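Read the structure below first, then the notes.
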Amino acid sequence: MIHLVFGGAATGSLTYAYRNHDDKVIGFPIDFSLGPIKDIHKKSGINHYFNWLHTTYHPMWNSFQNDQSIYTESLQELLEIDNGEHVTIWTCENASEQTGLRICCSILKGKNLNLSYINTYQAMHDFTKNKDIKIDIRQTGECNSEQLKYFYDHYKKPLTDKLKGEYAEEGEKLLNSQGIVRSWQKGKIIDDKQTRDDPFILECVRRLQREDEFIQAVKVIGEVIGHTEQPLFDAWIEYRIRSLIHSGQLDYEGSLQSMRMYHIKVS
1 MIHLVFGGAA TGSLTYAYRN HDDKVIGFPI DFSLGPIKDI HKKSGINHYF NWLHTTYHPM
61 WNSFQNDQSI YTESLQELLE IDNGEHVTIW TCENASEQTG LRICCSILKG KNLNLSYINT
121 YQAMHDFTKN KDIKIDIRQT GECNSEQLKY FYDHYKKPLT DKLKGEYAEE GEKLLNSQGI
181 VRSWQKGKII DDKQTRDDPF ILECVRRLQR EDEFIQAVKV IGEVIGHTEQ PLFDAWIEYR
241 IRSLIHSGQL DYEGSLQSMR MYHIKVS
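Throughout the sequence shown, residue numbering follows the UniProt record's numbering, covering 1 to 267 in sequence.
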């Protein structure tokens, strides 16, 4: 069995879950919901995407070169999957993993594969519906290795030819998209504005701010991550905070060299 999974945490948990098995885990470390993904299955698109990361995010986020190497290697492994293989694609109710699902279906189009998928949000919801505590997850990375193994055994579903065709067609459109921000709304991936998260970031600052005091930027980032409906990368939130500073919607004191070195408040 070959597993396709999106996000570093999910890849780590799944790899650990099947460490004593012959299963192969192909993990994609990037967030498909943010950044240019046109031709991200080709060298030119990969370079464009990671150049965007380098020029957009703060230099303190310096893991992009390693992520590019991992992504390129994983993409090559995806392209080399042979006909007849059994492949499971892991996804969840968020734009990144749903985009990854569709891109993989597009790349694998034309191959004779036994394709299945697992929606970890639905699996977790069903798994806990009769328990005292209901758990709703935002991304597969929130599941531990034992839960993932259980979900594979009990919630794996075949991808019908109809569904494969629909996902492949949507994936092809995504690979030709010029968008930068993608949101998951009512079961669909939509292009969104780069300012999408700004109102919520400002709301979190106001929630934490007492009178006219400055709040640690890193504290605001934690607040946003903890309360946003869709998973957000901390580097993206920090980038939007700096954009709000430059547009005059937030004031700051300290040094913008690191998110731990400055404080912010609503202007």
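Cβ coordinates follow ideal geometry from the N, Cα and C atoms, glycine included. Quick caveat, the model's predicted, so the values are computed rather than measured.
Option in the options with minimal Cα separation from residue i
| i | options | result |
| --- | --- | --- |
| residue 171 | 249, 95, 101 | 101 |
| residue 257 | 52, 8, 49, 57 | 57 |
| residue 155 | 23, 173, 127 | 127 |
| residue 150 | 124, 142, 169 | 124 |
| residue 203 | 160, 191, 193, 267 | 267 |
| residue 72 | 98, 26, 135 | 26 |
| residue 232 | 161, 196, 254, 255 | 196 |
| residue 97 | 53, 214, 238, 167 | 167 |
| residue 229 | 236, 83, 235, 200 | 200 |
| residue 162 | 109, 132, 81 | 109 |
| residue 53 | 236, 254, 248 | 236 |
Beta-carbon spacing of residue i, residue j below 8 angstroms
| i | j | result |
| --- | --- | --- |
| residue 92 | residue 120 | yes |
| residue 243 | residue 144 | no |
| residue 70 | residue 29 | yes |
| residue 112 | residue 87 | no |
| residue 271 | residue 17 | Outside the shown range of the chain, which is 1 to 267, sits residue 271, and nothing can be said about it. |
| residue 259 | residue 218 | yes |
| residue 99 | residue 189 | yes |
| residue 78 | residue 104 | yes |
Residues of its chain near residue i, where Cβ-Cβ distance is below 6 angstroms and the 5 sequence neighbours each way are ignored
| i | result |
| --- | --- |
| residue 252 | 245, 262, 264 |
| residue 280 | Within the shown structure, residues of the chain are numbered from 1 to 267, placing residue 280 beyond reach of any answer. |
Sequence-distant residues of its chain with Cβ nearer than 7 angstroms to residue i (five each side left out)
| i | result |
| --- | --- |
| residue 198 | 240, 244 |
| residue 75 | 41 |
| residue 213 | 265 |
Range covered by the beta strand (DSSP E) that runs through residue i
| i | result |
| --- | --- |
| residue 254 | 250-254 |
| residue 27 | 24-28 |
| residue 144 | Per DSSP, residue 144 belongs to no beta strand (DSSP E) and is neither H nor E. |
| residue 192 | 188-192 |
| residue 91 | 86-91 |
| residue 113 | Segment: none, residue 113 is in no beta strand (DSSP E) and carries neither H nor E. |
| residue 227 | Run containing residue 227: none in the beta strand (DSSP E); it sits in the alpha helix (DSSP H), 217-227. |
Proximal residues to residue i (C-beta, below 8 angstroms), its chain only, five neighbours per side dropped
| i | result |
| --- | --- |
| residue 38 | 45, 48, 175, 176, 177, 178 |
| residue 116 | 86, 87, 88, 89, 156, 157, 158, 159 |
| residue 215 | 205, 208, 209, 263, 264, 265 |
| residue 137 | 92, 120, 121, 124, 143 |
N- and C-terminal bounds of the alpha helix (DSSP H) containing residue i
| i | result |
| --- | --- |
| residue 96 | 95-107 |
| residue 233 | It is not in any alpha helix (DSSP H) - residue 233 carries neither H nor E in the DSSP assignment. |
| residue 44 | 43-56 |
| residue 162 | 161-174 |
| residue 263 | Counting along the chain, residue 263 falls outside any alpha helix (DSSP H), though it belongs to the beta strand (DSSP E) covering 262-266. |
| residue 122 | 120-128 |
Determine contact between the region 178-188 and the region 30-49, defined as no fewer than three beta-carbon pairs at a distance below 8 angstroms. yes
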